[in-house]
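Novice: All residue numbers for the sequence shown refer to this note's numbering, where the first residue is 1018 and numbers rise by one.
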Amino acid sequence: MRLETAVATRQVAEKSGNPLSFFEFWPGWMFYTPVVIHWLILGVRYGDFSLPTAANPHITTGGLCGESKLSILSQIGPEAQALVAPACGVTAQPNGIAVAEAAMQGLGLDYPVVAKPDIGCNGTGVRLIRDKAAMERYLRAFPAGETMILQQYADEPNEAGIFYVRHPDEPRGRITSVTIKQPPVVVGDGRSTLRALILADERARLVPHLYLDRLTDRLDSIPEQGENIQLVFVGNHCKGSIFQDGTALVTPALTEAIDRLACSMPDFFFGRIDVRFASTVALQRGVGFRVIEINGAGSEATHIWDPSTKLLDAWRTQFFHYGAAFRIGAANRRRGFSPSGVRGMYRDWMNQRRLMALYPLND
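#1: Would you mind giving the Cβ-Cβ distance between ILE1192 and PHE1180, rounded to the nearest angstrom? I have them listed as a contact below 8 Å.
#2: Determine the burial state of ASN1039: buried for a count of at least 16 other Cβ atoms within 10 Å of its Cβ, exposed for fewer.
#3: For ARG1371, count neighbouring C-beta atoms within 10 Å of its own C-beta (all shown protein chains included) and say buried if the count is 16 or more, exposed if not.
#4: On a Cα-Cα basis, can you pick out the residue from ALA1295, ARG1189, LEU1227, PRO1240 that is closest to ARG1208?
#5: Quick check on the DSSP output: what are the complete alpha helix (DSSP H) runs of length 4 or more inside the segment 1105 to 1173, in order along the chain?
#6: Just the C-alpha distance for ALA1348 and GLY1079, rounded to the nearest angstrom, thanks.
#7: Do ALA1071 and SER1355 have their beta-carbon atoms positioned less than 8 Å apart in this structure?
#8: At a cut of 8 Å, does the segment 1038 to 1053 reach the segment 1327 to 1338 through at least three beta carbon pairs?
#9: For the segment 1251 to 1264 against the segment 1320 to 1329, do three or more pairs of beta-carbon atoms, one drawn from each stretch, fall closer than 8 Å, so that the two count as touching?
#10: Which value, in whole angstroms, describes the spacing of the CA atoms of ALA1314 and GLY1305?
#11: Using only the alpha-carbon positions, how far apart do VAL1061 and SER1067 sit?
#12: Please go through the same chain and pick out, in chain order, the residues whose beta-carbon is closer than 7 Å to the beta-carbon of ASN1035, but skip the five residues on each side of it.
#13: Of the choices ALA1109, MET1121, GLU1118, whose alpha-carbon is the least far from that of PRO1134?
#14: In whole angstroms, what separates the C-alpha of LEU1081 from that of PRO1069?
#15: Tell me which residues share the same chain as VAL1143 and place their Cβ nearer than 6 Å to its Cβ, disregarding the 5 neighbours each side in the sequence.
#16: If I measure Cβ to Cβ from LEU1126 and keep anything under 6 Å in the same chain, skipping five residues before and after, which residues do I get?
#17: For SER1088, which of PRO1095, ALA1097, THR1077, GLU1096 has the nearest alpha-carbon?
Have a look at this one:
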């Protein structure tokens, strides 16, 4: 699996001719300023800056911020639950290993499991927990009294983010983006330290801060000849994963499968469905995938972080999707659903931001 990942990673770099796009790791304010201006213009046009929070009316803020990941997964209908990697919630306590393992046992889970915050984003605090000792360390690091999720490790070799949009007046939705997520891999030569391998890698050396701090305890180790070292587990761009535009993989069969899943949820119209999948052939047939997370109005069509994407195309994609969120929110407002309001939106965003500062470092 890791060898295939390494090959795919090289293919991403070769596709664009560059390991990074020139705007890929701009400061957030620089890339998102036009997006914020567009949001403000839409807010004036529709008379409510928080209107996208009504895009998915049964999710806190429509999934813009502060929403419970576990609550969203629980809204998937029984006809589609088999597509979801089983997960449970646990109130974190430093000495709560017995409670955590009892919750795992109740769901039929065994190590390894994925542990992550119930409220959060950008892969913050997500770890692959391989044994009891690692679980105890995670519980000690997690803020006490807050909810953490324990989820079955979906061991399918590939990961994708599939963006789904459906207007409330339409019986069927569509897939507007597919992102293939590849964890960066370096290959040992039996002589170089992990630090040296990272600093010699065509892409990793350009953003070393994404890896070096997190891998501090391993940087001076020397991987064996041919050993594949995966630099990050979580499939998130800002944490160092490599994103490839896979929108060309969309087929009627995949669209039907994702639409069936989304329509099993009450009034879910807009968001990104993150899945692990067996192969691109199976994915295109709409089979062989498991849902690990569903994100709402705050999610992105992440194919824009493919190194080959042009800046104007990335902005157009953002404008299209947030425009759709406003249109869907307006339609739901006409149906009697209320947005959270700017004050409510800000409150939930601040709570999420506070929690994210407390979470342990991700894998």
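Think of the CB as a built atom: it goes at the ideal place given N, C-alpha and C, for glycine as much as any other residue.
Specialist: Well, looking at it:
#1: Rounded to whole angstroms, the Cβ separation of ILE1192 and PHE1180 is 7 Å, and the two are in contact under 8 Å.
#2: What sits at residue 1039 in the sequence shown is Phe, not Asn. Its Cβ having fewer than 16 others within 10 Å, PHE1039 is exposed.
#3: Label assigned to ARG1371: exposed.
#4: Checking every option, the nearest Cα to that of ARG1208 belongs to PRO1240.
#5: Secondary structure in the segment 1105 to 1173: the alpha helix (DSSP H) runs of 4 residues or longer, each lying completely within the stretch, are 1114 to 1123, 1149 to 1158 in chain order.
#6: ALA1348 and GLY1079 have their C-alpha atoms spaced approximately 14 Å apart.
#7: For SER1355 and ALA1071, yes; Cβs fall inside 8 Å.
#8: Flag = yes, the segment 1038 to 1053 and the segment 1327 to 1338 touch.
#9: Touching, per the Cβ criterion.
#10: Straight-line Cα distance between these residues: approximately 26 Å.
#11: Those two C-alpha atoms are separated by around 11 Å.
#12: Contacts found: PRO1324.
#13: Comparing Cα-Cα distances from PRO1134 to each of ALA1109, MET1121, GLU1118, the minimum goes to ALA1109.
#14: Rounded to the nearest angstrom, the two C-alpha atoms are 8 Å apart.
#15: LYS1133, VAL1251, ASN1379.
#16: Hits under 6 Å: GLN1169.
#17: Restricting attention to PRO1095, ALA1097, THR1077, GLU1096, the CA atom closest to the CA of SER1088 is found in THR1077.
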